[in-house]
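Under mature numbering (1 follows the signal peptide of the UniProt record, and there is no 0), read the sequence shown as residues -20 to -1, 1 to 235, first letter to last.
Every residue, glycine too, gets a C-beta built ideally from N, C-alpha and C.
In this text, all values refer to a predicted model and were calculated from it rather than measured experimentally.
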Amino acid sequence: MFKALAVCLATLAMTFAAKAQEKQRFYELRTYHAEPGKLDALLSRFRDHTCKLFEKHGMTNVGYWLPVDNPDNLLVYLLAYPNQPARDASWKAFGEDEEWKKVVAASEANGKLVGKIDSTFLLPTAFSLGFPVTPKDQANRLFEMRTYTATPGNLDALHKRFQDHTQNLFRKHGITNLGYYRMVPGQEGAENTLIYFLAHKDAVSASASWTAFRADPVWVTAKNASQEAAGGSLTVLPDGVKSVFLKPVDFSPVK
């Protein structure tokens, strides 16, 4: 009994610590569009050089993923910084690093590896847990990145529904809540976008969890109540919810 209580208290302490750390962070979600036939070379460059140089210049590598369905040769990754000025200083130093310049020259001797880079600056919501260290028995999970476009004026109501209901129901149905983010103001869509990450054991578990969640009477009641209060759906219909399933690469800190 005492052992179970100690484990419970330790878990609560870790949760509170994770929340406290999460609130202070500034995030950047980056998507690289690798040139045809260059994705493996790009991954090798990150594995052998880029991640280490990021750390050297004060960036925190959070997670690196490939979409499960990846016809466009995408690499999706998330970095964390103490704040935006620190982010800008880190990238400036990284870009001027002589070691990095040599790595780029060598890796691109036969052509560029990346054709396009998308970057989104993010701040954690009040209810975001972030990305705690992956337990060894949960490595190589299936991740899901979900992007919600809220109807005008309803982003806060959407956040409240997640905080009061959705997250608990996700846990109930075996879905792991990770980072929940709003976009830094000034970016296109910042006033109505929620981006968040979930983890599942595998694709079969993900499908079963989502089916059970959507059929849960508690969720149906919460959804209907929130929509009634808002005068309609909290997300744009029909394309206000987008989901991408992701698998972590071998060098990703979170798996």
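If you draw a straight line from the alpha carbon of residue i to that of residue j, how long is it in whole angstroms?
i, j, result
"residue 155", "residue 167", "30 Å"
"residue 57", "residue 211", "36 Å"
"residue 205", "residue 144", "12 Å"
"residue 128", "residue 153", "20 Å"
"residue 237", "residue 179", "Since the first and last residues shown for the chain are -20 and 235, residue 237 lies out of range."
"residue 140", "residue 171", "15 Å"
"residue 100", "residue 234", "20 Å"
"residue 134", "residue 215", "8 Å"
"residue 117", "residue 78", "40 Å"
"residue 98", "residue 10", "6 Å"
"residue 55", "residue 161", "19 Å"
By the 10 Å Cβ neighbour count, where 16 or more other Cβ atoms means buried, how is residue i classified, buried or exposed?
i, result
"residue 191", "exposed"
"residue 8", "buried"
"residue 64", "exposed"
"residue 236", "With the chain covering -20 to 235 only, the question about residue 236 has no answer from this structure."
"residue 228", "buried"
"residue 72", "exposed"
Less than 8 Å between the CB atoms is what I'm expecting for residue i and residue j, so what's the real figure, rounded?
i, j, result
"residue 103", "residue 6", "7 Å"
"residue 94", "residue 15", "7 Å"
Closer than 7 Å by C-beta to residue i: which residues in its own chain qualify, once you throw out the five before and the five after it? Chain order, please.
i, result
"residue 213", "131, 207"
"residue 29", "83"
Which one or two residues does DSSP pair with residue i in a beta bridge?
i, result
"residue 223", "126"
"residue 92", "Paired residues: none, contrary to the question."
"residue 27", "Its beta-bridge partners do not exist; DSSP assigns none."
Going along the chain, which residues of its own chain have a beta-carbon closer than 6 Å to the beta-carbon of residue i, five neighbours each way excluded?
i, result
"residue 4", "none"
"residue 246", "Residue 246 is absent from the structure shown; the chain starts at -20 and stops at 235."
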